[in-house]
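The listed protein sequences derive, respectively, from chains E and H. Just so we're aligned: 34 in the working numbering is position 34 of the first sequence, and the numbers increase by one with no gaps anywhere. So the working numbering is basically just the index in the second sequence, starting at one, shifted up by 114. In this text, a Cβ means the ideal position worked out from N, Cα and C, and glycines have one as well. Working notes, beginning with the structure itself.
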Amino acid sequence: ETGVTQSPTHLIKTRGQQVTLRCSSQSGHNTVSWYQQALGQGPQFIFQYYREEENGRGNFPPRFSGLQFPNYSSELNVNALELDDSALYLCASSLASVTGTEAFFGQGTRLTVV
Amino acid sequence: QQQVKQSPQSLIVQKGGISIINCAYENTAFDYFPWYQQFPGKGPALLIAIRPDVSEKKEGRFTISFNKSAKQFSLHIMDSQPGDSATYFCAASRQGAQKLVFGQGTRLTINP
């Protein structure tokens, strides 16, 4: 177990709705990254948060937004859900340093948009 | 633009055999190359990682070979076991663990 927990584990939403996914990072880690993993594909980087600020963003539209809290937990918000947003959403925590360190993933939230 | 290409897409190996998965990258600024193992319904789990200052890293039955000039790296699983059946992803990043770029994955099946 990595110590990274995500909630909920599964979620079904209707197209056009909004969703919030949550992540608790591993103890001692100050950086949280979010990834989208479509079925049969590798994870795609959405964005990263470091010390409550967005610190890099992938090729995702602004309706994907996030937050990081003082305890380093994080939320991913997706507005105006589209069918293509159906995927496994993964949170990864790490400890930012000059040389970097390993990123540890949670079990993911399976989002289905109908 | 796909920056990390992984092959093969699927692989079947007999128990006790050697499983080999290959990755090639384009961005020479990448300086961290991890491999992740993912079981169905689970998140990716870090298996082993290498930095470009070494050509090989071994941890138990898992070995990464790294060829900086060819911009390629590979995962070797020795004495493959049925429990190794999973999807494996290579990845690459700059400045350590920030923004991982993943390959497309290899579904490995170890036949008993």
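Worksheet item: Would you say the region 128-137 of chain H touches the region 100-109 of chain E, given that touching needs at least three Cβ pairs under 8 angstroms?
Response: no
Exercise. Verify whether the separation of the beta carbon atoms of L160 of chain H and F176 of chain H is less than 9 angstroms.
Key: The residue labelled residue 160 of chain H in the question sits at position 46 within the second sequence. The residue labelled residue 176 of chain H in the question sits at position 62 within the second sequence. Cβ atoms of L160 of chain H and F176 of chain H: not closer than 9 angstroms.
- Query: Of the residues that make up the region 158-190 of chain H, which ones have a beta carbon closer than 9 angstroms to any beta carbon in chain E?
  - Reply: P158, A159, L160, A163 and R165
Contacts that G106 of chain E makes with chain H (C-beta to C-beta distance below 7 angstroms) | If you number the first sequence from 1, residue 106 of chain E lands on position 106. Here the neighbours are G157.
To be precise: take each residue of the region 120-138 of chain H, compare its Cβ to all Cβ atoms of chain E, and keep it if any distance is under 7 angstroms. Which residues remain?
Listed in sequence order: no entries.
Inset, instruction - Taking only the alpha-carbon atoms, compute the straight-line gap between S169 of chain H and S65 of chain E and give it to the nearest angstrom. - result: Reading the second sequence from its first residue, position 55 is the one you call residue 169 of chain H. Reading the first sequence from its first residue, position 65 is the one you call residue 65 of chain E. Approximately 39 angstroms, taken between the alpha carbons.
Report yes or no: is there a C-beta of chain H within less than 9 angstroms of the C-beta of L111 of chain E?
Mapped onto the first sequence, residue 111 of chain E falls at position 111. For L111 of chain E, the answer is no, since every Cβ of chain H falls outside 9 angstroms of its Cβ.
task: Using a Cβ cut-off of 9 angstroms, pull out every chain E residue sitting near P226 of chain H, in sequence order please.
output: Stepping through the second sequence from its first residue, residue 226 of chain H is reached at position 112. Within 9 angstroms Cβ-Cβ: nothing; P226 of chain H doesn't reach chain E, min ~25 angstroms.
**Report entry** the region 72-81 of chain E contacting the region 122-131 of chain H, beta-carbon criterion three pairs below 8 angstroms
**Finding:** no
Which one of E:T5, E:Y72, E:D85 and E:C91 has the shortest CA to CA distance from V150 of chain E? The requested residue 150 of chain E is not part of the displayed model; chain E covers only 1 to 114.
* Asked: Who are the Cβ neighbours of R15 of chain E in its own chain at under 8 angstroms, not counting the five residues just before and after it?
  -> Translated into the one-based positions of the first sequence, residue 15 of chain E becomes position 15. The beta carbon of R15 of chain E is closer than 8 angstroms to those of L81, E82, L83, V113 and V114 in its chain, skipping five residues each way along the sequence.
Proximal chain H residues relative to Q41 of chain E, where beta-carbon distance stays under 9 angstroms: Position 41 of the first sequence, counting from 1, holds the residue named residue 41 of chain E. Within 9 angstroms Cβ-Cβ: F216, Q218 and G219.
Closer than 9 angstroms by beta-carbon distance: list the chain E residues that pair up with P148 of chain H, in chain order. The residue you call residue 148 of chain H lines up with position 34 of the second sequence. Near P148 of chain H (Cβ distances below 9 angstroms), the residues of chain E are E102 and A103.
Secondary structure at Q56 of chain E, three-state DSSP: helix, strand or coil? Start at 1 with the first residue of the first sequence, and residue 56 of chain E comes out as number 56. Strictly speaking, residue 56 of chain E in this sequence is Gly, with Gln absent from that position. Strand, per DSSP.
*Contact set for F144 of chain H: own chain, Cβ-Cβ below 7 angstroms, skip 5 residues either direction*: Position 30 of the second sequence, counted from the start, is the residue given in the question as residue 144 of chain H. Once the five neighbours on either side are set aside, the close Cβ partners of F144 of chain H are A206, S207 and R208.
(message) Are the CB atoms of V4 of chain E and A87 of chain E within a distance shorter than 9 angstroms?
(response) On the first sequence, residue 87 of chain E is found 87 positions in, with the first residue counted as 1. On the first sequence, residue 4 of chain E is found 4 positions in, with the first residue counted as 1. For A87 of chain E and V4 of chain E, no; Cβs fall outside 9 angstroms.
For L122 of chain E, which of helix, strand or coil comes out of DSSP? Nothing in the structure corresponds to residue 122 of chain E, since chain E is present only between 1 and 114.
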